[in-house]
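*Asks:* Residue numbers (our numbering): 18 to 268.
Pasting a structure below so you can have a look.
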Amino acid sequence: GGNVSAAHRIALQLAAGERSGLERLWPGLPMDHWGLDEAARAALLLAVADLPADDFHVLARQAYELGDSREQESWLRALWLLPRSERFADEAIDACRTNIKPLFEAIACENPYPSRYFPELNFNQMVLKCLFMGIELSRIIGLEQRLNRDLSEMADDYASEREAAGRSVPADIWLVLAPYAGAEALARVYRFGRDPEPRHRYHAAVGLGLRGDPAQRPRMEDLLKQERDPKVISALQASLTRIAAREGNAG
């Protein structure tokens with residue numbers, strides 16, 4: 018069981034050889050946030066992965082449904098490693114409805130599963146929930162590959178609601194809002210690109226780079242001329258370089 022002792026919170030600390038071995042098996046395996054107990058549970062599931070597919074599916078689902086919250090966290094973190102893991106999409110999507118932050122983070126953060134297997138609507142809802150819960154969007158693996166117009170509009174609606182209520186807007190919202198923003202939403206991105214808070218300016222700069230629109234170059238260069246923060250300057254330069262590369266490829 019997952020409640021035996023506080024020992025289950027021990028972080029997984031891999032030696033260099035162990036890390037490189039796992040990297041060969043599963044390139045990009047994000048294990049820096051795993052606990053020792055989570056790795057052990059993943060190993061137990063993988064040990065029976067050669068069962069007939071339907072038998073394994075039933076067994077793996079039971080391991081999730083009958084587990085306590087920590088065991089469910091472990092299962093969600095390991096989900097993308099399981100054979101035919103797309104068969105567990107319903108459980109993963111359902112887990113995003115939880116209000117238990119560590120359980121939500123187990124599927125949403127440092128986990129390739131949602132970007133690989135979630136339908137667009139469910140992926141977008143997960144991203145918005147990260148914004149609601151104050152979870153950094155940089156923790157979502159594969160976010161850039163899943164950016165879409167509906168997500169941009171949902172993020173803009175959320176920013177509008179926050180501003181109308183006189184509440185702060187998450188600084189990293191521009192990562193998902195800027196790439197497909199319409200004219201009015203884009204004006205908001207540039208307004209926050211001049212915000213006193215450097216984190217807003219930084220994420221606005223990165224978001225504009227993800228947009229990759231050559232038409233934005235003059236306005237981005239204006240931001241760069243006014244910027245004094247080294248990190249934001251670097252982000253704007255990187256985004257302008259990205260746009261130039263895209264123009265080169267288009268040519």
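Glycine included, C-beta positions come from ideal geometry on N, C-alpha and C.
For clarity, every value in this text was computed on a predicted model and none was experimentally measured.
From Ala200 to Tyr207, what distance separates their C-alpha atoms?
*Replies:* One C-alpha to the other measures close to 11 Å.
*Asks:* Can you give the beta carbon distance from Ala323 to His217, rounded, assuming they're within the 8 Å contact cut?
*Replies:* Since the first residue of the chain shown is 18 and the last is 268, residue 323 is not available in this structure.
*Asks:* Which parts of the segment 112-177 are runs of the alpha helix (DSSP H), unbroken and 4 residues or longer, counting only runs that do not cross its ends?
*Replies:* Whole alpha helix (DSSP H) segments, 4+ residues: 118-125, 130-134, 137-150, 160-163.
*Asks:* Please report the straight-line C-alpha distance between Cys113 and Phe209, rounded to a whole angstrom.
*Replies:* The straight-line gap from Cα to Cα measures roughly 29 Å.
*Asks:* What is the DSSP secondary structure of Asp85, reduced to helix, strand or coil?
*Replies:* Looking at Asp85 - three-state DSSP - the assignment turns out to be coil, as it is neither helix nor strand.
*Asks:* How would you call Asn141, buried or exposed, if buried means at least 16 neighbouring beta carbons within 10 angstroms?
*Replies:* It is buried - the Cβ of Asn141 has at least 16 other Cβ atoms within 10 Å.
*Asks:* Pull up the CB-CB distance for Ala221 and Ala195, whole angstroms please, since I reckon it's below 8 Å.
*Replies:* Right, their Cβ atoms sit about 7 Å apart.
*Asks:* Can you give the Cα-Cα distance for Ala24 and Glu108, rounded to whole angstroms?
*Replies:* For Ala24, the predicted structure reports a pLDDT of 39, less than 50, and the residue's modelled location is therefore unreliable. The matter cannot be settled from this model.
*Asks:* In the DSSP assignment, find the unbroken alpha helix (DSSP H) run with Trp97 in it and report its ends.
*Replies:* From DSSP, Trp97 is part of no alpha helix (DSSP H); its letter is neither H nor E.
*Asks:* On a Cα-Cα basis, can you pick out the residue from Ser91, Pro247, Glu238 that is closest to Ile260?
*Replies:* Of Ser91, Pro247, Glu238, the residue nearest in Cα terms is Glu238.
*Asks:* Classify Gly210 as helix, strand or coil using the three-state DSSP reduction.
*Replies:* Three-state DSSP puts Gly210 in coil, outside helix and strand.
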